[in-house]
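Step one of this worksheet: look at the structure below.
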Amino acid sequence: MSDFWTAVRPVGEIVPGVPRHARSGERQPRHVRSWRKAFVVRTVTMSVIGTLAFGSAAAATAYHNAISQIDVQDLDGLVAEVVKPKDPSDPFKDEPVNLLLMGTDIRDGSNADIGGVVDGMRSDTTMLVHISADRQWIEVVSIPRDSMLAIPACELPDGSRSAPYTGRFNSAFSTGSGGAAADMRYAAACTINTVNSLTGVTVSNHAVVKMNGVIDVVDALGGVKMCLPEALHGDPRSARIDLEAGENRLDGKTAIQFLRVRKGTGLGLEMGSDLARIERQQMFINATLRQMLSAETLADPTKTYRLINAALGSLSADPAIANPGNVAGLAWSLRQMEKRNIVMTAVPVYDNADGATVSWSPETSEIFDRLAADEPPEDVVLETPEPSGSPSASGGAGSGGGDGADDGGATDQAGGSAAEEEPDDATGSTTDDATDEGRPDEPKPSPSPEVLPDGICA
Numbered sequence: 001m002s003d004f005w006t007a008v009r010p011v012g013e014i015v016p017g018v019p020r021h022a023r024s025g026e027r028q029p030r031h032v033r034s035w036r037k038a039f040v041v042r043t044v045t046m047s048v049i050g051t052l053a054f055g056s057a058a059a060a061t062a063y064h065n066a067i068s069q070i071d072v073q074d075l076d077g078l079v080a081e082v083v084k085p086k087d088p089s090d091p092f093k094d095e096p097v098n099l100l101l102m103g104t105d106i107r108d109g110s111n112a113d114i115g116g117v118v119d120g121m122r123s124d125t126t127m128l129v130h131i132s133a134d135r136q137w138i139e140v141v142s143i144p145r146d147s148m149l150a151i152p153a154c155e156l157p158d159g160s161r162s163a164p165y166t167g168r169f170n171s172a173f174s175t176g177s178g179g180a181a182a183d184m185r186y187a188a189a190c191t192i193n194t195v196n197s198l199t200g201v202t203v204s205n206h207a208v209v210k211m212n213g214v215i216d217v218v219d220a221l222g223g224v225k226m227c228l229p230e231a232l233h234g235d236p237r238s239a240r241i242d243l244e245a246g247e248n249r250l251d252g253k254t255a256i257q258f259l260r261v262r263k264g265t266g267l268g269l270e271m272g273s274d275l276a277r278i279e280r281q282q283m284f285i286n287a288t289l290r291q292m293l294s295a296e297t298l299a300d301p302t303k304t305y306r307l308i309n310a311a312l313g314s315l316s317a318d319p320a321i322a323n324p325g326n327v328a329g330l331a332w333s334l335r336q337m338e339k340r341n342i343v344m345t346a347v348p349v350y351d352n353a354d355g356a357t358v359s360w361s362p363e364t365s366e367i368f369d370r371l372a373a374d375e376p377p378e379d380v381v382l383e384t385p386e387p388s389g390s391p392s393a394s395g396g397a398g399s400g401g402g403d404g405a406d407d408g409g410a411t412d413q414a415g416g417s418a419a420e421e422e423p424d425d426a427t428g429s430t431t432d433d434a435t436d437e438g439r440p441d442e443p444k445p446s447p448s449p450e451v452l453p454d455g456i457c458a
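Residue numbering for the sequence shown follows UniProt numbering, starting at 1 and increasing by one per position.
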């Protein structure tokens, strides 16, 4: 400032409205500097307060909009085994969460534009999401829809009960819906009862997601970035999708095709099976979760607002999940969880003689017994509680101790990153110290040895 005024006026000349120190090039007096500093601080503070006030109003608007969009499904009396929270005012507090996500290909409205017009209700994808009580890990278990299983008796919309039978897992949803009655509450309840009876894991919460909901969520994120180790080309007679190897950003419509395509070339499409599709779905879910938890999303209020409305607007869920306040609290409890501790698992199966269905392998019981006991898989790195009085004792997972040692085991004892290690077998698995970029390859079998379930290229 002083240089400018010195250039246009002689030093010492009086210039209206310009302080003497600016005219002469002198250093500002201390009291002037203090006043200017205080003025700047007050200005910034008022700007922040205004921004927070605006943000609070936007948050309140988002809250009420979200509530108005959610289809609340209270399954009281329809589910045989029910988990009652210890603290109804905070249903997720200190408790493991077993959330059953049911994707449905109900062909109504905009869903018909995606998959064509077909009567009735069917479940398309079912995932059991286990969130540990200590909030250090999440495991997502995909249940193949073509699994031949024992479907228990279920309550039906007309007041009767279905007879138990053996059939495809996804038939439980359509059986419970009651056919022409098409009641999604009963469809969800029958699926939950089936999972409870088969796994020994009691589902505590549930949500049904429609196909068009996936499109809205992905578009709200600005697309989902995935790195594919090989090109994927859908059969044009059944799917319009063509992705090249390497980095791709999937918009909503491309994402739904990526999740649903079963015929074509690349990423296991040659197999034409639901198992190959499950692996692609898990790749996508993992990439989406990571993007939701990234600074790119959380630091953008507009994107976060759109995401909240898109996600909750596409759900039919139990009262706890349908309460944005509860979900916000659950999300907050996960804020320090290491993203490498998001584990994708598929139920191990073998092909049946009919060539169209599968049966669960004996190893399946080990997975669900572990989840029922809230025990993590072997590749999850848990934080060791600090001794009382330690400077970092109050920090949670991923709190980032000052010495850099508290990194959750991302660096091995030899000083090298686990992500730099070479795979030790044909599946692309690495050592037990694998990081986000190199977690052991699960589930198996893989449609391609180079496809990792987190959507990265080997």
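By construction, the Cβ of each residue, glycine as well, lies at the ideal position given by its N, Cα and C atoms.
Range of the contiguous alpha helix (DSSP H) that encloses residue i
| i | result |
| --- | --- |
| A372 | T364 to A372 |
| A220 | M211 to A220 |
| R135 | Where R135 is concerned, there is no enclosing alpha helix (DSSP H), given that its DSSP letter is neither H nor E. |
| D90 | Run containing D90: none; DSSP gives neither H nor E here. |
| R290 | D274 to M292 |
| L330 | P324 to S333 |
| G176 | S171 to S177 |
| L259 | G252 to R260 |
| T191 | M184 to T199 |
Close beta carbons around residue i, own chain, < 7 angstroms, minus the five adjacent residues each side
| i | result |
| --- | --- |
| V247 | Per the sequence presented here, residue 247 reads as Glu, with Val not at that position. Closer than 7 angstroms at the Cβ level, and outside the excluded window around E247, lie K225 and C227. |
| D374 | P96, S132 and A133 |
| P85 | P91 and E95 |
Cβ pair residue i, residue j closer than 7 angstroms
| i | j | result |
| --- | --- | --- |
| N286 | M344 | yes |
| N212 | I321 | no |
| W360 | V381 | no |
| P157 | N193 | no |
| K339 | R290 | yes |
| S333 | R135 | yes |
| F173 | S147 | no |
| C190 | T175 | yes |
| L243 | L232 | yes |
| F368 | V203 | no |
| I308 | I256 | no |
| E95 | A133 | yes |
| L198 | L128 | no |
| P144 | D354 | no |
| L250 | G223 | yes |
| A163 | S177 | no |
| R280 | L267 | yes |
| V195 | T104 | no |
| Q73 | R185 | yes |
Opening and closing residue of the beta strand (DSSP E) in which residue i lies
| i | result |
| --- | --- |
| A317 | L315 to A317 |
| I143 | I138 to I143 |
| A346 | I342 to A346 |
| L232 | L232 to G234 |
| D351 | V349 to D351 |
Burial state of residue i (16 or more Cβ within 10 Å)
| i | result |
| --- | --- |
| T265 | exposed |
| Y350 | exposed |
| A239 | buried |
| E296 | exposed |
| E139 | buried |
| A276 | buried |
| D124 | buried |
Opposing strand residues paired with residue i [DSSP bridges]
| i | result |
| --- | --- |
| A207 | L101 and A317 |
| C227 | E247 |
| S147 | V358 |
| Y165 | I151 |
| D71 | S316 |
| M127 | L101 and S142 |
| D242 | H233 |
| G264 | G234 |
Cβ neighbours of residue i in the same chain (closer than 8 angstroms, five flanking residues each side left out)
| i | result |
| --- | --- |
| N326 | D90, P91, F92 and A320 |
Sequence-distant residues of its chain with Cβ nearer than 6 angstroms to residue i (five each side left out)
| i | result |
| --- | --- |
| V217 | A310 and A311 |
| residue 465 | As shown, the chain starts at 1 and ends at 458. That puts residue 465 outside it, with no answer to give. |
| V141 | L128 and T345 |
| D71 | S316 |
| T126 | M102 and I143 |
| L78 | E155 and A189 |
| D303 | For the record, residue 303 in the displayed sequence is Lys; it is not Asp. Result list for K303: T297, in chain order. |
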